[in-house]
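To start, the structure under review is shown below, and the notes come after it.
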Amino acid sequence: WTVPMFANDAGLLLDAIEKFDIQYNLSSHRGKDRPFPTSQMPRRFIFRLPHDRDPINIDDEYQIACRHELRLEVCLESDGKALEERGLRIKDLINGDLILDLMRRNKIVPQGIRAEIATRAAVPVALSNDYRDQGKPGQFLVYLMVYRGESQPLTREIANQIRADLEDMVDQHLKVTLRKRGYTVSRPFPYRLLQTLLEDHTS
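All letters in the sequence shown, in the order written, are residues 1331 to 1533 by my numbering.
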């Protein structure tokens, strides 16, 4: 899986892996040295440059992703009322739809990169962060955000910029309490392993 990761770092996309049929002499033109060795199943890696005008999604098998947690603390009463005054619903914030919708509207995710919420959790809490809401019922919201390169290379630096822009967006548009802000995203990993990582995390 390091092949697509290094390809992304170089601005390329791994598009396919094929069987490599050797059609030439593996020795040099002098014919006196030994043939260079190959594996029992040599493979050919096919890379391509990304195209903004005519993007083509690569297979999930070769997509690279990064992840991080977005943690919010909301007061069901005061934050819920403030959101309703701006035409928003706290229900949509809790289930994550509002987060993804604001990310699309504010265009904080570059074209060719997909943002998704892999898991979400809402834990009832008695608030303690603000004297006005202290003791009132609230929700501690945790979203596992995942960014993956569909038709554009994704690097850790790009994913970390999306994370920073997302936190700024939450501050500006939702005005709810952010917890553990500024933590960098994970190292790149193969998107096809996401489900395995989630199972290992919860087990």
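Beta carbons: idealized from backbone N, C-alpha and C, even for Gly. Quick caveat, the model's predicted, so the values are computed rather than measured.
Unbroken stretches of the beta strand (DSSP E), 3 residues or longer, contained in the segment 1381-1467:
1394-1405 and 1443-1456
Specify whether the segment 1493-1506 and the segment 1521-1531 touch according to this definition: at least 3 beta carbon pairs, one from each stretch, less than 8 Å apart.
no
Pro-1454 Cβ short of 7 Å to the ligand NAP heavy atom set
By its list of ligands, the structure shown contains no ligand whatsoever, and the ligand NAP lies outside what it can speak to.
Give me the residue from Leu-1413, Arg-1435, Arg-1493 and Ser-1481 with the minimum Cα distance to His-1381.
Ser-1481
Which same chain residues, not among the five before or five after Tyr-1461, have their C-beta less than 7 Å away from its C-beta?
In this prediction, Tyr-1461 has a pLDDT of 48, which is less than 50 and means its spatial position is unreliable; what the coordinates show is noted afterwards. Counting only Cβ-Cβ distances below 7 Å, and skipping sequence neighbours, we find nothing.
Grab the span of the alpha helix (DSSP H) containing Arg-1522 for me, first residue to last.
First-last for Arg-1522: undefined, no H or E at that position.
For Gln-1370, which three-state DSSP category applies?
coil
So is Ala-1395 buried or exposed if we call it buried at 16+ other beta carbons inside 10 Å?
buried
Per DSSP, what are the beta-bridge partners of Pro-1505 in this structure?
Note that residue 1505 corresponds to Lys in the displayed sequence, not to Pro. According to DSSP, Lys-1505 bridges with nothing at all.
Inter-residue CB distance, Arg-1486 and Pro-1518 (contact presumed, cutoff 8 Å):
6 Å
How would you call Arg-1535, buried or exposed, if buried means at least 16 neighbouring beta carbons within 10 angstroms?
Past the boundaries of the shown model lies residue 1535; the chain is included only from 1331 to 1533, so the question cannot be answered.
Quick check on Glu-1415: buried or exposed, where buried means 16 or more other Cβ atoms within 10 Å of its Cβ?
exposed
What first and last residue would you give for the beta strand (DSSP E) that runs through Glu-1480?
That residue, Glu-1480, is in no beta strand (DSSP E); it is neither H nor E in DSSP.
Going by the CB atoms, is the gap between Asp-1339 and Phe-1377 shorter than 8 Å?
no
Pick helix, strand or coil for Asp-1530, following the three-state DSSP scheme.
helix
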